[in-house]
Structure formats: structure tokens, C-alpha cells
Amino acid sequence: MALRFRQEPDRLVAEVSGEIDHHSAAELKERIAREYSRGTAKDLELNFSQVTFMDSSGVGMVIGRFKDTQTRGGNMAVSGLSGDIKRLFELSGLHKIIQVK
Amino acid sequence: MAKHNFLANEVLVQMDARSQNEGFARLCASAFIAPLNPTVSELTEVKTAVSEAVTNAILHGYEGREHTAPKVTMRMSLQDYTVTICIKDEGTGIRDVPLARTPLFTTRPDDERSGMGFTVMESFMDSVEVLSAEGQGTEVVMRKRFSNGQDSAAN
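Chains as they are written, first to last, in the working numbering: chain V, 2 to 102; chain H, -16 to 138.
The structure is reproduced here in C-alpha cells:
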């Protein structure tokens, strides 16, 4: 798992690559949450276009970041979802509360 | 002799209940089903279901018992284009299996767990059985039939 951040006007974009499972989700959570709390941007976008695998641990991690943005009054979006990851989002109902780009 | 017996196979993998073995278990499952020429979707479905079951075993099965050097076993068998995967732990067990299988139910909401593990297994595999006894452990038995079997049976 690797992570790259891009700071846009009032929005933090986190580009994730590799596999998201229970093993990698903890580190992912910590690094994204830290970067978000360090900056002042309200909105957060997670880009999954380079993610090769994700299970429900990723869903939990996304819900966690969604809560972070809610606390700050910002919006959360996810982008670059493969068909399989989109299916996980739909199964858990996440697509109804989080903007999918 | 059945038509597809040339594919019959069984393997047993025992691993430490450590999170780095989640990826290892997925790779084992991918390798095991490779002879079935799975579609990309089928492959992802099996990998995801295995990931969920192994994560449950590690995270919930052995909570607070790490000092006992716990193990997770994965038994995979293949018969007539149907794969059976059993993921077993000898951990704490599940008190209420139907409740644990309920979508979004989790005992660990503070830990950013989605509570979607069993739901994912159920929707990505053809069948999921959960055998569990408190204090004795949990065994998840998942089955999936591969589409290639249908196609080649016609040849």
C-alpha cells in the first residue's frame, strides 16, 4: 500500500495505491487522518484508481474518514473506483452517503 | 470416473494469526483456483471472501489471546468446478451467529470495522456456512461454482 497527497484549494486529495485490507487499513487511516487534521481543507477526496484489492476493511476506513470530514463540516468524495470496489460500496450502502466521482 | 476429476485437488494451509497473512491467504486461494481459468470477477470475489474470513479469524477469533501463538487454517478443495474453502480458528467463537451475520453488525465500531464481512462473503460466494462454539472457535465453509465448468462441459 502506498499513499500520495495532493493539496487543492480547500480540498485534500489522497491517492491510494496497492491493497487495502485489515493489515494495511490501520496505517492508511492514521496517515490520511493525520494529513487531514494537519491542514485546513474541509473537503477530502480519496482516489482509488491505483488500488488493486479492497475488502470490507477499506469500507470501514472510508466511513472513518467520512466522519472526520463531518466533524469539520466538509464533504467527502471517492474517485477512481473499479467495478469490484464499486460493488463493495453499493453492498454497504456507502454510495448513498458519500459522493462517488 | 466423473468428467472433471482431473481437476480434483485439496490443500491445507496453516498460518500464524497475523494480519500480514491475510494477503498470503488471498494469494494461496488465487493460486488454488487458477486451473479453473476464473474470470477476473470470480478471482476477485474469492480473494475478497477469503480476506474477510481470515480477517475475522485473526481479529475476532483470537482477540486478547495473541500470547498463545494462535493459528488459522485454510482448507481448500476442488471438485467438479466447485471450490470449497474452509477457514478455521480455535479462538473465542461467536455467541450469536445470525447476529454476527447481520449486515453492518460489528463488535468493533471504534476500530473502524464496517460490519460487512459476512455480507461480502455471502454475496461473493454461492454459499457460506458458519459453525461456531463459544470458547472453541469458528469455522467458515464457503463454496463457489465456476462458470468455466459450464462452458467446457458443453465441449
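All residues carry an ideal CB built from backbone N, CA and C; glycine is no exception.
With DSSP as the reference, please indicate the residues paired to residue i in a beta bridge.
i               : result
K68 (chain V)   : DSSP, once it has assigned bridges, lists no residue as partnering K68 (chain V).
Q8 (chain V)    : V:L13
V101 (chain V)  : V:V79
T67 (chain H)   : H:S60, H:R126
G120 (chain H)  : H:A116
G(-8) (chain H) : In the sequence on display, residue -8 (chain H) carries Asn and not Gly. Paired residues: H:L61.
G19 (chain V)   : V:V52
A3 (chain V)    : V:S18
Please confirm whether any heavy atom of the ligand ADP lies closer than 7 Å to the CB of residue i.
i             : result
R96 (chain H) : With respect to small molecules bound, the structure shown includes none, and the ligand ADP cannot be examined in it.
In whole angstroms, give me the CA-to-CA distance for residue i and residue j.
i              : j               : result
I16 (chain H)  : L26 (chain H)   : 8 Å
H50 (chain H)  : M(-2) (chain H) : 15 Å
A14 (chain H)  : E20 (chain V)   : 17 Å
F54 (chain V)  : S2 (chain H)    : 15 Å
M139 (chain H) : T65 (chain H)   : What the structure shows of chain H is the stretch from -16 to 138, and residue 139 (chain H) is not part of that stretch, so it cannot be assessed.
L114 (chain H) : G84 (chain V)   : 32 Å
I98 (chain V)  : V124 (chain H)  : 33 Å
E35 (chain H)  : R12 (chain V)   : 32 Å
T121 (chain H) : V17 (chain V)   : 33 Å
V23 (chain H)  : D69 (chain V)   : 34 Å
R5 (chain V)   : R35 (chain V)   : 13 Å
L82 (chain H)  : P18 (chain H)   : 36 Å
M77 (chain V)  : D44 (chain V)   : 6 Å
First and last residue of the beta strand (DSSP E) that includes residue i?
i              : result
M104 (chain H) : Taken as a continuous stretch (DSSP letters only), M104 (chain H) belongs to no beta strand (DSSP E), being part of the alpha helix (DSSP H) at 100 to 107.
K54 (chain H)  : 54 to 62
Take residue i as the anchor and find which of the options has the nearest alpha-carbon.
i               : options                      : result
P53 (chain H)   : H:S97, H:Y45, H:M59          : H:Y45
I41 (chain H)   : H:V111, H:G6, H:L87, H:E28   : H:G6
S104 (chain H)  : H:N39, H:Q119, H:G120, H:V55 : It should be noted that the sequence gives Met, not Ser, for residue 104 (chain H). Nearest of H:N39, H:Q119, H:G120, H:V55 to M104 (chain H), Cα basis: H:N39.
R84 (chain H)   : H:S106, H:P18, H:A8, H:A(-9) : H:S106
G98 (chain H)   : V:F90, V:Q100, V:V101        : V:F90
A3 (chain V)    : V:K102, V:I86, V:A26         : V:A26
L(-5) (chain H) : H:T56, H:I77, H:L82          : H:T56
A0 (chain H)    : H:H43, H:N(-8), H:K30        : H:H43
V79 (chain V)   : V:E9, V:Q8, V:V14            : V:V14
N(-8) (chain H) : H:L61, H:N20, H:E28          : H:L61
G94 (chain V)   : V:V60, V:T72, V:A42, V:G74   : V:V60
L10 (chain H)   : H:A116, H:A32, H:L(-10)      : H:A32
G74 (chain H)   : H:K127, H:E117, H:S130, H:A8 : H:E117
F49 (chain V)   : V:S38, V:L92, V:P10, V:G81   : V:G81
K71 (chain H)   : H:L(-10), H:A8, H:M108       : H:A8
Could you spell out where the alpha helix (DSSP H) holding residue i opens and where it closes?
i             : result
T31 (chain H) : 23 to 39
S50 (chain V) : Premise fails: S50 (chain V) lies in the beta strand (DSSP E), 44 to 55, not in any alpha helix (DSSP H).
R32 (chain V) : 23 to 39
A0 (chain H)  : Counting along the chain, A0 (chain H) falls outside any alpha helix (DSSP H), and DSSP gives it neither H nor E.
R84 (chain H) : 80 to 84
Grouping DSSP H, G and I as helix and E and B as strand, with all else coil, what is residue i?
i                : result
L19 (chain H)    : helix
N138 (chain H)   : At N138 (chain H), the pLDDT of 38 sits below 50, so the modelled position is not reliable and the matter cannot be decided from this model.
L42 (chain H)    : helix
G84 (chain V)    : helix
S97 (chain H)    : coil
S110 (chain H)   : strand
M(-16) (chain H) : Unreliable positioning characterises M(-16) (chain H) in this predicted model, as indicated by a pLDDT of 48, which lies under 50. The coordinate reading is nonetheless provided below. Note: M(-16) (chain H) maps to coil in three-state DSSP.
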